[in-house]
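A.B. asks:
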Amino acid sequence: MVDKILSIILVVAIVGAIGTLGYVIAAPKLGERFTEFYILGPEGKAEGYTKELVVGEEGKLVVGIVNREQETVSYRVEITIDGARHGEIGPVVLHHEDRWEREVSFIPTQLGDNQKVELLLYKQGQSEAYQSLHLWVKVRSKIEK
Numbered sequence: 235m236v237d238k239i240l241s242i243i244l245v246v247a248i249v250g251a252i253g254t255l256g257y258v259i260a261a262p263k264l265g266e267r268f269t270e271f272y273i274l275g276p277e278g279k280a281e282g283y284t285k286e287l288v289v290g291e292e293g294k295l296v297v298g299i300v301n302r303e304q305e306t307v308s309y310r311v312e313i314t315i316d317g318a319r320h321g322e323i324g325p326v327v328l329h330h331e332d333r334w335e336r337e338v339s340f341i342p343t344q345l346g347d348n349q350k351v352e353l354l355l356y357k358q359g360q361s362e363a364y365q366s367l368h369l370w371v372k373v374r375s376k377i378e379k
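According to the numbering used here, the sequence shown is numbered sequentially starting from 235.
1. In this structure, does DSSP put Lys238 in helix, strand or coil?
2. Strictly by DSSP, which residues pair up with Ile313?
3. By the DSSP assignment, the beta strand (DSSP E) with Tyr272 in it spans what residues?
4. On the criterion of 16 or more Cβ atoms from any shown chain inside 10 Å, does Phe340 qualify as buried, or is it exposed?
5. Are the beta-carbon atoms of Leu355 and Val311 separated by less than 8 Å?
6. Within 10 angstroms of the Cβ of Leu295, are there 16 or more other Cβ atoms? Answer buried if so, exposed if not.
7. Compute the Euclidean distance between the alpha carbons of Glu292 and Gly298, then round it to the nearest angstrom.
8. Going by other Cβ atoms of all chains shown within 10 Å of its Cβ, with 16 needed for buried, is Asn348 buried or exposed?
9. Taking 8 Å as the threshold (C-beta atoms), are Lys376 and Val307 in contact?
10. Since Leu353 contacts Ile313 with CB under 8 Å, what's their CB separation in whole angstroms?
11. Whose C-alpha, out of Arg336, Glu305, Leu369, Gln360, is nearest the C-alpha of Glu183?
12. What does Lys372 pair with, by DSSP beta-bridge criteria?
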């Protein structure tokens, strides 16, 4: 009688283990979902960012996006200087693991030290920025030295 009960328990444990193994194989765990968003200097390195410009002079950056969201996503990037909109890029549609890098430019229109050039990343129709990056730029007049 005890042998029969132990045999039944062993069979149930084996069937349970096979079921669990089948579930793990059939439904693998998804990795973390996120988007890489970065800026590089004009040379394509994490240095050499524009720090000083003349009013009306074009500043350049390389903007990069890598989709790690486990699905296709449409992005757009808004460029602002001290909160004023100065341009938009997109839509940029990326499949999972796709990378997008482009040189973008901005042109400050007002004088001032420590102007905040901000890049705001938006995902598929969201009204709130998903991520943001910024740098500080001094903007001087043409006659300053």
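Note that CB positions come from ideal geometry on N, CA and C, so glycine has one too.
If you're wondering where the values come from, they're calculated on a predicted model, not measured in any experiment.
C.D. replies: Taking the structure as given:
1. Helix at Lys238.
2. Answer by DSSP bridge pairing, in chain order: Gly321, Leu353.
3. First-last of the beta strand (DSSP E) with Tyr272: 268 to 274.
4. Phe340 is buried by the Cβ-count criterion.
5. In terms of Cβ geometry, Leu355 and Val311 form a close pair [threshold 8 Å].
6. Flag for Leu295 reads buried.
7. Looking at the two C-alpha atoms, the distance is approximately 19 Å.
8. Classification of Asn348: exposed, given that the 10 Å Cβ count is below 16.
9. For Val307 and Lys376, no; Cβs fall outside 8 Å.
10. The distance from the Cβ of Leu353 to that of Ile313 is about 6 Å, consistent with a contact at the 8 Å cut-off.
11. Because the chain is modelled from 235 through 379, residue 183 falls outside the range shown and cannot be assessed.
12. In the DSSP assignment, the residues bridged to Lys372 are Glu286.
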